[in-house]
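Enquirer: In the working numbering, the protein residues as written are 45 to 138. Glycine is no exception: its CB is placed at the ideal position from the N, C-alpha and C atoms.
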């Protein structure tokens, strides 16, 4: 009996009874929180995907770098092979 008295002490009876309006408001608040939470999560995931995704600029720069490297290698071998050719061999006509 004493524990019952301690648990009820200092409380009004009106606070223990929940009105239907209060329950409805609480339910709406939970639904709004869930919706806002889902929207916030989707926004965060979209921002994260945008931040980590490779953009068109990066792809273009990478392709330009590879093309420049291939062009440099081609030019190096072209100049190396054309410099070794003797002029006497080219003008050797009948």
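Just how far apart, CA to CA, sit residue 74 and residue 92?
Expert: Along the chain shown, one-based indexing puts residue 74 at 30. Along the chain shown, one-based indexing puts residue 92 at 48. If I take the Cα positions, the gap works out to 27 angstroms.
Enquirer: Classify residue 104 as helix, strand or coil using the three-state DSSP reduction.
Expert: Translated into positions along the chain shown, residue 104 becomes position 60. Helix.
Enquirer: Between residue 84 and residue 94, what straight-line distance do the alpha-carbon atoms span, to the nearest angstrom?
Expert: Against the chain shown, residue 84 aligns to sequence position 40. Against the chain shown, residue 94 aligns to sequence position 50. The straight-line gap from Cα to Cα measures roughly 15 angstroms.
Enquirer: In angstroms, rounded to a whole number, what distance separates the CA positions of residue 77 and residue 71?
Expert: On the chain shown, position 33 is the one that residue 77 refers to. On the chain shown, position 27 is the one that residue 71 refers to. Whole-angstrom Cα-Cα distance: 10 angstroms.
Enquirer: Is residue 97 helix, strand or coil when you go by DSSP?
Expert: Here residue 97 refers to the residue found at position 53 when the chain shown is read from its first residue. Reduced to three states, the DSSP call for residue 97 is coil.
Enquirer: How long is the line joining the alpha carbons of residue 103 and residue 115, rounded to whole angstroms?
Expert: One-based indexing of the chain shown puts residue 103 at position 59. One-based indexing of the chain shown puts residue 115 at position 71. Going by the C-alpha atoms only, they are around 18 angstroms apart.
Enquirer: Put residue 111 into one of helix, strand or coil per three-state DSSP.
Expert: Position 67 of the chain shown holds residue 111. Note: residue 111 maps to helix in three-state DSSP.
Enquirer: Roughly how many whole angstroms lie between the Cα atoms of residue 124 and residue 118?
Expert: Along the chain shown, read from residue 1 onward, the residue named residue 124 stands at position 80. Along the chain shown, read from residue 1 onward, the residue named residue 118 stands at position 74. Approximately 10 angstroms between the Cα atoms of the pair.
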